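J.: Sharing a structure below in structure tokens format, with a few things to ask.
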Amino acid sequence: MKTFARMPLSAKAGLLIVLVFAFAAIFGPWLAPHGEAEIVGDVWEPFSTTFPLGTDSLGRDILSRMLWAARNTIGVALAATLLSFALGMTLGYVAAVVGGWVDLVLSRLIDTIMAIPTLIFALVVLAVLPPSLLTLILVIAVLDSTRVFRLSRAVAMDVAVMDYVEVARLRGERLPWIIFREVLPNTLPPLIAEFGLRFCFAFLFLSSLSFLGLGIQPPAADWGGMVRDNANAISFGLIVPLIPAAAIAILTIGVNLVVDWQLERSSTVRRRA
Amino acid sequence: MRAHPLLKLVAQRLALGLGTLLVVSVLIFIGTQLLPGDLAQAILGQSATPEAVANIRAELGLDRPAHIRYLDWLFGFLRGDFGMSLANKQPIAEMIAGRLTNTLFLAGVAAFVAVPVAVSLGILAARFRETWIDKTISIVTLAAISMPEFFIGYLLIYIFAVKLLVAPSLASIYPGMALPEKLGAVALPVATLSLVVIAHMMRMTRAAIVNVMASPYIEMAELKGLSRWRITVRHALPNALSPIINVVVLNLAYLVVGVVVVEVVFVYPGMGQLMVDHVAKRDVPVVQTCGMIFAATYILLNMTADILSILANPRLRHPK
């Protein structure tokens, strides 16, 4: 509670945004007045008491679709981020702790993958893989794990040369123990802030793919896909495609505000120590 | 005589860049072979007849071993022979030629607008650090970075094309169009792309200058009683030049990727749009070619960034 009171206004706003979106993602399907793909009215009906945000290109209620989409979009982005951390951290720690040619091979391979623009590589791979949620999560996670690898390798490098790690080695501990019991607990703080940034990346990346028609497939609701479905409405002066796009932007800004505060805080703590 | 160390550094970067390019071509090739099972079947879907599958297999040369297909593709690519599209049986080189020029035009105009604006804003923010000018610039750019490109794009369409009626919402250009007309047509996509890269470049420019401003010789200049402007521009800027050049070129590389989404928003006939269309059609040869061209541009720009920042570093120019 004390931490909350001392938070700057921007971080409070960010936290509020994140909480509201989390609430929508968890309870969205129960809050939504209509089904995910239920056609309930005419095409692009204006805002009214029946349809608070109007209807979309097929006559589906936009408020309901927004709420259903919260779970799909945030869920897939979160799953991809978790997987990318599991993958990137494991490889990064192994590279830092084992060192030698393992580190060399992993680092070179990952540098090369990072040399290709993420979206372009994803497009190449998506041209042959079957369009499914699993594919999407895997593609985003693998491409994103390269960044996690870089960071976790860098922070683990500093810890891996500490005396207590050397002691653990001499004690004859195995690799998993060294990684999870010695290195991991001491490298967690910078990685937590990174988690927010990587989530933003995965979330924006997924939205872009859906907007391009290559992400979450219809009829499932998804914010990027909703922008695409309703893009033509804008030439009739309707703001329909801006609603899901704004949701994406607001959540990203919210997470960024919290991460900024977190980074600021951890750097001042370190300076004081 | 020993070679100049600078020359050696540059040659090393060149070799590294070309090596990366080669490995990336392998990765992109593997990327399209990832599918467990049969690529031909995947392209055509479950309901395909065995004859159609056999046809596609022959067309893609799937009966030959993978490394032979890779070498074929690579040498074809180097000669400018990209093969045929699966979707419309046209030579890929013809499909791409005009599109590539359009994409480079869009990215080029955006760079021309964004670079000077971003660097000036960065210097301004660094000069007025911790004042309301700096804070406003910082909040606006953070917001711009957090927004997906398509949100900025549609927002600009809504404001300028639908409400104010000052710019076209679709960026349709055709061969033989006069330059002023062309520039008018791409005004909104250029603005969208610029906003995103300006935000990045400006933040990095500011950070680079602020970083230099912390050095003792700047304090010396302050104690000598020089004006803030003179210190920022004459003393801090030259030493921040190397990271600034680096970030400018990196953002140009980012432009190359950013165009994909922006082209789709504005239905602009560029290579990004082409690539996205053909991913949906599972037209592997076209996707491979576009992917390789995008990746190559990106890598070459990154290599240029490395080399330029070596050249801009005075300490490396005058070896001891």
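For the protein sequence lines, the chains are Y and D, in the order given.
The first sequence maps to residues 1 to 273 in my numbering.
The second sequence maps to residues 1001 to 1320 in my numbering.
Don't be surprised by glycine CBs; every beta carbon is placed ideally from N, CA and C.
Source: prediction; values computed, not measured.
Round the Cβ separation of residue 80 of chain Y and residue 222 of chain Y to the nearest angstrom and send it over; I've been treating them as touching at under 8 Å.
T.: Rounded, the Cβ-Cβ distance is 14 Å, inconsistent with contact.
J.: For the segment 1103–1112 of chain D against the segment 1249–1260 of chain D, do three or more pairs of beta-carbon atoms, one drawn from each stretch, fall closer than 8 Å, so that the two count as touching?
T.: yes
J.: State the CB to CB distance for the pair residue 86 of chain Y and residue 1279 of chain D, rounded to an integer number of angstroms; the pair is presumed to be in contact (CB under 8 Å).
T.: Incorrect: roughly 28 Å between the Cβ atoms, too far for contact.
J.: Which chain D residues sit within Cβ distance under 7 Å of residue 207 of chain Y?
T.: 1148
J.: With DSSP as the reference, identify every bridge partner of residue 55 of chain Y, one or two as the case may be.
T.: Y/61
J.: Residues of chain D with a CB under 8 Å from the CB of residue 121 of chain Y: which are they?
T.: By Cβ distance, chain D contributes 1027, 1028, 1031, 1291, 1295.
J.: Say whether the segment 92–108 of chain Y touches the segment 140–156 of chain Y, bearing in mind that this needs 3 or more beta-carbon pairs closer than 8 Å, one atom from each stretch.
T.: Contact between the segment 92–108 of chain Y and the segment 140–156 of chain Y is present, with at least three C-beta pairs closer than 8 Å.
J.: Quick one: which unbroken alpha helix (DSSP H) runs of 4-plus residues sit fully inside the segment 217–273 of chain Y? Chain order, please.
T.: 223–229, 242–272
J.: Which residue or residues does DSSP assign as beta-bridge partners of residue 39 of chain Y?
T.: In the DSSP secondary-structure assignment, residue 39 of chain Y is bridged to Y/60.
J.: So if I threshold CB-CB distances at 8 Å, which residues from the segment 1260–1284 of chain D count as touching chain Y?
T.: 1260, 1261, 1264, 1265, 1275, 1276, 1278, 1279, 1280, 1282, 1283, 1284
J.: Taking C-beta pairs closer than 9 Å, name the residues in chain D that residue 113 of chain Y reaches, listed in chain order.
T.: 1024, 1027
J.: Thinking residue 140 of chain Y and residue 205 of chain Y are a contact (beta carbons under 8 Å), I'd like their distance in whole angstroms, please.
T.: That belief holds up - the Cβ atoms of residue 140 of chain Y and residue 205 of chain Y are roughly 6 Å apart, short of 8 Å.
J.: Just mark residue 1264 of chain D as buried or exposed, buried being the case when its beta carbon has 16 or more other beta carbons within 10 Å.
T.: buried
J.: So the alpha helix (DSSP H) residue 1068 of chain D belongs to, where does it begin and stop?
T.: Per DSSP, residue 1068 of chain D belongs to the alpha helix (DSSP H) from 1066–1078.
J.: Taking beta-carbon pairs under 7 Å, can you tell me which members of the segment 1151–1185 of chain D lie near chain Y?
T.: 1151, 1154, 1155, 1157, 1158, 1162, 1169
J.: Let's see if you can read the secondary structure: which residues bound the alpha helix (DSSP H) around residue 1030 of chain D?
T.: 1005–1031
J.: The segment 235–251 of chain Y: which residues have C-beta closer than 7 Å to a C-beta of chain D, in chain order?
T.: Correct list: 235, 237, 239, 241, 242, 245, 246, 248, 249.
J.: Quickly, what does DSSP pair residue 1243 of chain D with across the bridge? List them, please.
T.: Note: residue 1243 of chain D sits in no beta bridge, so no partner.
J.: Taking contact to mean at least 3 C-beta pairs separated by less than 8 Å, is the segment 1162–1169 of chain D in contact with the segment 1108–1128 of chain D?
T.: Flag = no, the segment 1162–1169 of chain D and the segment 1108–1128 of chain D do not touch.
J.: In the DSSP assignment, what are the bridge partners of residue 1091 of chain D?
T.: D/1084
J.: Would you say residue 91 of chain Y reaches chain D, if we count a Cβ-Cβ gap shorter than 8 Å as a contact?
T.: no
J.: Is residue 1291 of chain D buried or exposed, if buried means 16 or more other CB atoms sit within 10 Å of its CB?
T.: buried
J.: Buried or exposed: where does residue 1295 of chain D fall if 16 or more other Cβ atoms within 10 Å of its Cβ makes it buried?
T.: buried
J.: CA-CA distance, residue 1200 of chain D and residue 99 of chain Y?
T.: 34 Å
J.: Kindly indicate the opening and closing residues of the alpha helix (DSSP H) around residue 1299 of chain D.
T.: 1284–1311
J.: Count Cβ pairs between the segment 1179–1197 of chain D and the segment 255–267 of chain Y that sit closer than 8 Å; are there 3 or more?
T.: no
J.: So is residue 1142 of chain D in contact with chain Y if we call contact Cβ pairs under 8 Å?
T.: yes
J.: Compute the Euclidean distance between the alpha carbons of residue 1245 of chain D and residue 5 of chain Y, then round it to the nearest angstrom.
T.: 42 Å
J.: Along chain Y, in chain order, which residues have C-beta atoms closer than 9 Å to that of residue 1298 of chain D?
T.: 115, 116, 117, 120
J.: Note down the Cα distance separating residue 273 of chain Y from residue 208 of chain Y, rounded to an integer number of angstroms.
T.: Confidence is the limiting factor: at residue 273 of chain Y the pLDDT is only 40, short of 50, which leaves the residue's position unreliable and the question unanswerable from this model.
J.: Is the shortest distance between the beta-carbon of residue 1210 of chain D and the beta-carbons of chain Y less than 8 Å?
T.: no
J.: Can you list, in chain order, the residues of its chain with a C-beta nearer than 8 Å to that of residue 193 of chain Y? Leave out the 5 residues immediately preceding and following it.
T.: 259, 262, 263, 266
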